[in-house]
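J.:
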Ligand code: SF4
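Laid out in structure tokens, this is it:
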């Protein structure tokens, strides 16, 4: 699948890169990313006076602007805001801005992994997002609230769109000024993708979605995830995170009667022995039409205690914004065209 090109050549933040010299383009992109509108006076103050041609190029870009537009905005009771963004080809993706200062971005239109419990994978994947379309989600979220953390946990599997996502990580550092240490790449794995990630100059923190710790059952629950043995995927994640210097976050969406048993905890702890990381238990958010539910609270707490008793750090994540259908696993393709 090829990355798309915008229908108007100079739209999107990267359009500025094509229209202005590098230093001036970077300043313009930072101003836009901070929610401002670049003008000549701002360049003057930085000692970067625009030529007449550059000033005209900037005006031309401002007339076109970003490659994405906010089509709809829904605010949940807890302050979480879900943004529905329109793309140049009429597709739609969702981005979530959370009051804790985090922005959950999508990386593809749809998702090929097809996790049984997730709304995003219900219709498969339509296409990758470009790095502009990823970075601009953070820009739009910043216009709604303070954002200083980015998680690649929205619609799509980031490792399936690796080059564009890693380009976006670097651009979010350079243009939006959010360190890669405050960016988390969430993946179902694949040894090859994790090894490739080690070769990028700018690397985010890593979250590995396990959900079950048994290979055969994981293939049922995540039917199109990479078929590498879990032990190899975990080892590759551990190697990546040791390179980067931050622990792996192991994600486990809690599904009553599916992965909340004592045997599940046992397998999980076995799998993670000697690995530098922690478990993030995600309380499942119901998705209409899917036959899953979250375990009772006592069971969740018991699982956390059992994991901690084995010397592995564990936390519980109650997702943001379930009443706006903005929580983990609830983002779905809408207004499909
Ligand atoms: S949970 Fe993630 S990887 Fe699985 S279908 Fe949903 S978006 Fe794709």
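Residue numbers (my numbering): 1 to 337. Here a beta-carbon is modelled for each residue, glycine too, at the ideal position from N, C-alpha and C.
Taking its Cβ as the centre, do 16 or more other Cβ atoms sit within 10 Å of residue 134, making it buried, or is it exposed?
T.: Buried is the call here.
J.: Determine the extent of the alpha helix (DSSP H) in which residue 79 is found, giving its start and end residues.
T.: Careful: residue 79 lies outside any alpha helix (DSSP H) and carries neither H nor E.
J.: Between which two residues does the beta strand (DSSP E) harbouring residue 316 extend?
T.: 313-317
J.: For residue 180, count neighbouring C-beta atoms within 10 Å of its own C-beta (all shown protein chains included) and say buried if the count is 16 or more, exposed if not.
T.: buried
J.: Which residues neighbour the ligand SF4 when neighbourhood means a C-beta less than 7 Å away from any of its non-hydrogen atoms? List them by chain order.
T.: 111, 113, 114, 115, 118, 120, 121, 155, 156, 157, 188, 209, 222 and 329
J.: Buried or exposed for residue 177, going by 16 or more other Cβ atoms inside 10 Å?
T.: exposed
J.: What three-state label does DSSP hand residue 277 in the structure shown?
T.: strand
J.: Report the CB separation of residue 202 from residue 170 in whole angstroms; it is logged as a contact under 8 Å.
T.: 4 Å
J.: Could you give the distance in angstroms between the alpha-carbon of residue 194 and the alpha-carbon of residue 43?
T.: 40 Å
J.: Between the Cα of residue 298 and the Cα atoms of 131, 261, 268 and 278, which residue gives the shortest distance?
T.: 261
J.: Which one of 222, 286, 23 and 101 has the shortest CA to CA distance from residue 208?
T.: 222
J.: Leaving out five residues before and five after residue 67 in sequence, what residues of the same chain have Cβ atoms less than 7 Å from its Cβ?
T.: 6, 11, 12, 88, 132, 133 and 136
J.: Three or more C-beta pairs under 8 Å: does that hold for the segment 213-229 against the segment 96-116?
T.: Verdict: yes, contact present.
J.: Enumerate in chain order the residues of its own chain whose CB-to-CB distance from residue 99 is below 6 Å, with the five nearest sequence positions on each side excluded.
T.: Close CB contacts of residue 99 within its chain, under the 6 Å cut and outside five residues either way in sequence, are with 79 (chain order).
J.: Between the Cα of residue 285 and those of 190, 253, 268 and 315, spot the shortest distance and give me the residue it belongs to.
T.: 253
J.: Per DSSP, what kind of secondary structure is residue 19 in: helix, strand or coil?
T.: Note: residue 19 maps to helix in three-state DSSP.
J.: State the DSSP-derived secondary structure class of residue 12, mapped to helix, strand or coil.
T.: coil
J.: Leaving out five residues before and five after residue 246 in sequence, what residues of the same chain have Cβ atoms less than 8 Å from its Cβ?
T.: Excluding its 5 nearest sequence neighbours in each direction, residue 246 has C-beta neighbours in its own chain below 8 Å: 181, 205 and 206, listed in chain order.
J.: Using only the alpha-carbon positions, how far apart do residue 272 and residue 90 sit?
T.: Distance between the alpha carbons of residue 272 and residue 90: 43 Å.
J.: Does the Cβ-Cβ distance between residue 281 and residue 312 come in under 8 Å?
T.: No, they are not a contact pair.
J.: Kindly list the residues whose CB is nearer than 8 Å to the CB of residue 190, restricted to its own chain and excluding five residues on each side of it in sequence; keep chain order.
T.: 159, 225, 226, 228 and 233
J.: How far does the alpha helix (DSSP H) with residue 292 in it reach, from first residue to last?
T.: It is not in any alpha helix (DSSP H) - residue 292 carries neither H nor E in the DSSP assignment.
J.: Would the beta-carbon of residue 276 fall within 8 Å of that of residue 243?
T.: no
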